[in-house]
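Chains as they are written, first to last, in this note's numbering: chain A, 1 to 281; chain B, 282 to 575; chain C, 576 to 921.
See structure below.
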Amino acid sequence: MSQPVRTKMVPAPSHGILPERDVNERPVLEARNLGIDFGGLHAVEDFNLIIGRTEIAGLIGPNGAGKTTVFNLLTKVYQPTMGTILINGKDTAGMDTAQASMMGIARTFQNIRLFSNMTVEDNVRIGLHNQFRYNMFSGILRLPGFWSSERRMHERSMDLLSIFDMQDMAGAIAGSLPYGAQRRLEIVRALATNPSLLLLDEPAAGMNPHETEELMDNIVRIRDRFHIAVMLIEHDMKLVMGICEGICVLNYGRIIAKGTPEEIQNNPTVIEAYLGRQKEG
Amino acid sequence: MTLFLSYLINGISLGSVYAIIALGYTMVYGIAKMLNFAHGDVIMVGAYVSFCAIQYLNLPPWVSVILAMILCTALGVIIEGLAYKPLRQAPSLAVLITAIGMSYLLQNSALLIWGANPKSFPSVVNIGNISLLDGRLLITGVTIVTILANIVIMVALTLFTGRTKMGKAMRAVSEDKGAAELMGINVNTTISVTFAIGSALAAVAGVLLCSAYPTLMPTTGSMPGIKAFTAAVFGGIGSIPGAMIGGILLGIIEILGKAYISTELGDAFVFAVLIIVLLFRPSGLFGKNVREKV
Amino acid sequence: MSKKTIDKLLTFGMVIAAFIVCQVMIANGAMSRSLRGQLIPICVYIVMAVSLNLTVGISGELSLGHAGFMSVGAFSGVVMAMWLKNGLGVSNTLICLSAALVTGGLFAGIAGVLIGIPVLRLRGDYLAIVTLAFGEIIRNVMNCIYISIEGSSLHFGFVNPKLPGKLLVNGPAGATGVAKMSTFVMGFVLVMITLLVVLNLIDSRSGRAIMAIRDSRIAAESVGLNVTKYKMMAFVTSAVLAGMAGALYGLNFSTITASKFKFDTSILVLVFVVLGGIGNIRGSIIAATLLTVLPELLRAFSDYRMLVYAIVLILVMLATNNPTLRTFFSGLKPGKKSSAAKEGKQ
Chain A
1 MSQPVRTKMV PAPSHGILPE RDVNERPVLE ARNLGIDFGG LHAVEDFNLI
51 IGRTEIAGLI GPNGAGKTTV FNLLTKVYQP TMGTILINGK DTAGMDTAQA
101 SMMGIARTFQ NIRLFSNMTV EDNVRIGLHN QFRYNMFSGI LRLPGFWSSE
151 RRMHERSMDL LSIFDMQDMA GAIAGSLPYG AQRRLEIVRA LATNPSLLLL
201 DEPAAGMNPH ETEELMDNIV RIRDRFHIAV MLIEHDMKLV MGICEGICVL
251 NYGRIIAKGT PEEIQNNPTV IEAYLGRQKE G
Chain B
282 MTLFLSYLIN GISLGSVYAI IALGYTMVYG IAKMLNFAHG DVIMVGAYVS
332 FCAIQYLNLP PWVSVILAMI LCTALGVIIE GLAYKPLRQA PSLAVLITAI
382 GMSYLLQNSA LLIWGANPKS FPSVVNIGNI SLLDGRLLIT GVTIVTILAN
432 IVIMVALTLF TGRTKMGKAM RAVSEDKGAA ELMGINVNTT ISVTFAIGSA
482 LAAVAGVLLC SAYPTLMPTT GSMPGIKAFT AAVFGGIGSI PGAMIGGILL
532 GIIEILGKAY ISTELGDAFV FAVLIIVLLF RPSGLFGKNV REKV
Chain C
576 MSKKTIDKLL TFGMVIAAFI VCQVMIANGA MSRSLRGQLI PICVYIVMAV
626 SLNLTVGISG ELSLGHAGFM SVGAFSGVVM AMWLKNGLGV SNTLICLSAA
676 LVTGGLFAGI AGVLIGIPVL RLRGDYLAIV TLAFGEIIRN VMNCIYISIE
726 GSSLHFGFVN PKLPGKLLVN GPAGATGVAK MSTFVMGFVL VMITLLVVLN
776 LIDSRSGRAI MAIRDSRIAA ESVGLNVTKY KMMAFVTSAV LAGMAGALYG
826 LNFSTITASK FKFDTSILVL VFVVLGGIGN IRGSIIAATL LTVLPELLRA
876 FSDYRMLVYA IVLILVMLAT NNPTLRTFFS GLKPGKKSSA AKEGKQ
């Protein structure tokens with residue numbers, strides 16, 4: 001695998017489309033000239049994006065535009081063939097997915113990926129893995145470190161599950177939950193890693209309008225409570241236009257427009273490439 | 282030098298048998314995405330069938346080979362239908378354990394039917410030996426037939442997968458089962474045909490293997506089976522020329538390793554090749570890289 | 576008390592109760608000679624099955640070379656015990672046996688690390704076939720090792736060497752003249768240690784990480800788990816336990832050869848795991864016990880033993896993994912039967 005190009009970093013940029021309140025803070029994500037080739041095909045190229053500390057950002061585009069590929073690049077599931085990713089100002093070059101997670105980036109998946117044979121609470125505890133540490137031997141010999149960490153993990157898990165009122169499901173097997181609860185559990189698990197940027201891949205997929213409405217409230221509530229940034233891929237334009245402060249439109253692996261919901265809605269290129277044909281929202 | 286040449290020829294001969302077995306593995310793996318662990322034991326069944334036909338029914342050798350091919354084809358299709366087809370959607374762990382169970386089922390059935398005592402396999406080849414370099418280099422008839430059979434099978438299979446409708450269906454199924462089904466290809470039939478061809482080849486391999494190494498036991502097929510899988514991986518799983526080249530190279534490595542380094546460690550060399558290939562070039566010599574979808 | 580704790584106590588209780596019953600029966604002379612001879616092998620196979628279940632059921636990787644670790648443990652354990660006894664003149668059997676178990680575990684663990692580094696980079700079928708290959712390589716190599724004791728020093732040789740002193744390990748002929756030191760009590764202790772390690776590991780931070788990686792590798796990475804570290808932890812722990820079992824096994828016979836640890840042994844242990852339920856530790860214990868005792872009791876059945884095992888393997892897999900058959904079987908028996916293997920599709 002080829003090493004991504006390392007460039008000398010300059011301080012936080014002063015331009016961009018950050019929300020007013022985030023302008024004076026270091027952005028949570030700075031992606032510069034990001035790109036990846038799959039055997040000669042430029043799946044994503046020249047991807048430049050800045051996300052503010054508490055921004056809710058949307059990534060939209062027609063199917064196959066490369067949206068999930070962007071998520072996979074940001075979380076280092078794929079190593080970018082060019083460009084840089086800064087999370088909280090730190091370069092993630094050479095890091096793997098687990099290390100990127102420890103830098104403060106968390107995600108959900110388009111097709112749910114829970115630890116489906118394990119309980120709901122255990123799913124959350126795995127999210128807490130790097131915050132409550134004790135080694136294998138404390139675990140096997142049940143040393144005091146085990147008991148105190150496990151107790152605190154339990155309290156924290158219950159606290160996190162309470163975001164979606166899921167405490168009474170704690171003992172259920174994750175794979176047996178209804179679809180909507182599985183999607184919510186994935187978000188809780190991502191939050192458990194104590195991220196500063198939460199990536200949601202089609203969080204409203206398969207939800208009815210009422211559930212989507214609820215989800216919108218919850219995303220905003222999570223942002224306010226945890227003071228994190230959220231970036232979401234979504235096809236439901238009502239959700240995207242309703243809660244996103246900045247929107248980035250992707251087509252054929254390239255950004256074709258960036259701006260506020262109003263700007264995007266009135267952008268002729270976007271209308272031509274996307275909204276005009278699909279008539280959504 | 283002549284000694285080296287004769288080792289080399291032995292290696293190519295053994296490698297040709299591996300190649301024929303490897304074709305069965307590589308086709309099944311390419312299409313059904315499963316490691317058919319029982320493939321090696323189908324070889325053994327083929328050899329026993331041929332043995333019985335010659336020994337007890339006094340049939341001519343070529344008839345015994347055809348009989349073995351027919352019975353092994355049936356066996357392959359039955360195994361696939363009974364054990365593997367119900368697990369089409371199951372995780373690979375379950376399929377592999379089933380295949381291991383099938384391998385043991387065949388071995389132990391053979392043990393009950395034919396007993397544990399090794400049978401001395403009569404050669405089915407009645408072509409004379411060729412001696413070269415004033416008799417210092419001897420090429421046996423079996424070697425010639427094995428190498429020729431390998432070439433014929435290779436060419437036939439390449440034509441089959443490239444030119445015929447069923448062959449194209451096989452390639453389509455190995456690329457994308459779902460899409461192939463939408464194009465009107467019967468995936469189940471295609472997989473069954475693949476097993477049938479692989480098993481018929483296994484019968485040929487069994488007869489050739491036992492003609493060259495005439496001890497026939499219920500476990501005769503298992504080691505060559507595993508080595509042939511190694512050959513298939515070496516050449517790149519799913520690739521027909523890969524199976525051939527991989528098989529021949531592996532045969533040469535095994536014979537030369539045993540001759541020049543250590544007899545006891547001969548098998549260890551073969552497996553070391555497998556490990557090295559998987560680590561440094563997991564797609565094999567002719568394989569394609571497959572990216573995992575997230 | 577949580578359900579997990581009750582489950583764990585039940586497992587321990589079952590093993591302790593069985594041990595007490597056996598001890599009482601031995602004291603009263605109520606146990607047949609042949610069954611008494613099976614006690615140590617039963618303990619050995621329980622440890623083998625439970626440790627393999629850690630790899631197959633908990634970590635979700637099919638290992639076909641488990642007997643290889645047993646072999647490493649057996650030979651290194653036997654050499655250690657015999658060196659202590661004959662070379663250094665330690666007369667206390669318990670010390671020799673304990674040292675043998677520790678040595679066996681240590682060497683198998685080292686083998687586990689060396690094998691794990693390349694193997695755990697692979698996935699699925701490839702991983703399985705490479706563990707098989709390693710099992711065979713270990714057997715091949717063991718056939719070439721020669722060790723002798725001369726006074727208090729050990730001499731090692733590879734492929735037909737001339738060694739001074741008394742040969743202890745003689746290549747393909749294996750280790751001969753081994754003192755039978757293994758005891759049922761030690762077997763019981765080893766089973767308890769194994770259960771303590773495996774059950775507590777599963778119900779802890781590390782164990783959860785191992786199971787998370789099994790269920791979804793990509794999701795596990797995305798929450799910050801170091802996949803290699805935890806796969807290695809499961810694999811090496813499993814190898815260490817198998818090595819200890821091997822040492823106990825080796826010291827239960829006067830002769831031990833590498834051919835006792837061939838592929839068939841790995842498969843036998845796999846049968847225990849599959850029949851007991853993949854991921855189900857208590858199931859492994861019961862299956863290992865029953866399948867070790869039953870063939871002894873039913874002598875007439877011995878010709879068909881492996882055949883029946885093969886059929887059992889296939890049927891269990893079909894019954895637990897085919898949707899139609901699964902509903903059929905779950906209708907037959909009350910309560911749930913969870914199989915870790917049914918998920919984890921990646």
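For glycine and all other residues, C-beta sits at the position ideal for the given N, C-alpha and C.
Remember, it's a predicted structure, so these values are computed and weren't measured experimentally.
Which listed residue (Ala229(A), Asp122(A), Phe132(A), Pro144(A)) has its alpha carbon closest to that of Arg189(A): Asp122(A)
The stretch 608 to 624 of chain C / the stretch 809 to 824 of chain C touching (three or more Cβ pairs under 8 Å): yes
Under the three-state DSSP convention, the category Asn291(B) falls into: helix
His129(A) (DSSP reduced to helix, strand or coil): coil
Start-end ranges of the beta strand (DSSP E) lying completely within the stretch 221 to 261 of chain A, minimum 3 residues: 229 to 233, 246 to 251, 254 to 259
Residue span of the beta strand (DSSP E) that contains Ile56(A), given as start and end: 56 to 60
Within 9 Å of chain A by C-beta, residues of the stretch 659 to 678 of chain C in sequence order: none
Ile87(A) at chain C interface by Cβ criterion, 9 Å: no
Minimum Cβ-Cβ distance from Met325(B) to chain C less than 9 Å: no
Distance, Arg21(A) Cα to Ser373(B) Cα: 51 Å
Interface residues of chain A facing Ile793(C) [CB-CB closer than 7 Å]: Val77, Arg113
For Val772(C) and Glu462(B), the rounded distance between their alpha carbons: 49 Å
Inter-stretch contact at 8 Å, needing at least 3 Cβ pairs: the stretch 643 to 651 of chain C / the stretch 674 to 692 of chain C: yes
The stretch 813 to 832 of chain C: positions lying closer than 7 Å to chain A by Cβ: none
Cutoff 9 Å: Glu262(A) Cβ touching any chain C Cβ: no
Ala549(B) at chain C interface by Cβ criterion, 9 Å: yes
Exposure of Phe146(A), with buried meaning 16 or more beta-carbon neighbours within 10 Å: buried
Ile290(B), buried or exposed, once every other Cβ within 10 Å from all chains shown has been counted against 16: buried
Close-in-space but distant-in-sequence residues of the same chain around Asn317(B) (CB under 6 Å, 5 per side omitted): Val309, Ala380
Burial state of Met464(B) (16 or more Cβ within 10 Å): exposed
Where the alpha helix (DSSP H) through Val688(C) begins and ends: 668 to 694
Test: Ser116(A) CB closer than 9 Å to a CB of chain C: yes
Closer than 9 Å to chain C by CB, Met169(A): no
Span separating the alpha-carbon of Arg880(C) from that of Ile860(C): 19 Å
Buried versus exposed call for Tyr385(B) [16 or more other C-beta atoms within 10 Å across all chains shown]: buried
Buried or exposed by the 16-neighbour rule on C-beta atoms within 10 Å, applied to His926(C): With chain C covering only 576 through 921, there is no way to say anything about residue 926(C).
Chain C within 9 Å of Phe47(A), Cβ atoms only: no
CB contact flag (Ile785(C), Ser634(C), <9 Å): yes
Beta carbon of Ala300(B) nearer than 9 Å to that of Ile529(B): yes
Interface flag, Glu245(A) vs chain C, CB-CB below 9 Å: no
Closest by C-alpha distance to Gly854(C), when choosing among Leu765(C), Val883(C), Asp778(C), Val734(C): Asp778(C)
Per-residue contacts from Tyr134(A) into chain C (C-beta, under 7 Å): Arg780
Residues, ordered as in the chain, of the stretch 881 to 898 of chain C that lie near chain B by beta-carbon distance below 9 Å: Met881, Leu882, Val883, Tyr884, Ala885, Ile886, Val887, Leu888, Ile889, Leu890, Val891, Met892, Leu893, Thr895, Asn896, Asn897, Pro898
Buried versus exposed, by CB contacts within 10 Å (16 or more), Lys343(B): Before going on, a small fix: residue 343(B) reads as Trp here, not Lys. When all chains shown are included, Trp343(B) counts as exposed.
Buried/exposed call for Gln388(B), threshold 16 Cβ in 10 Å: buried
Span separating the alpha-carbon of Val44(A) from that of Gly104(A): 23 Å
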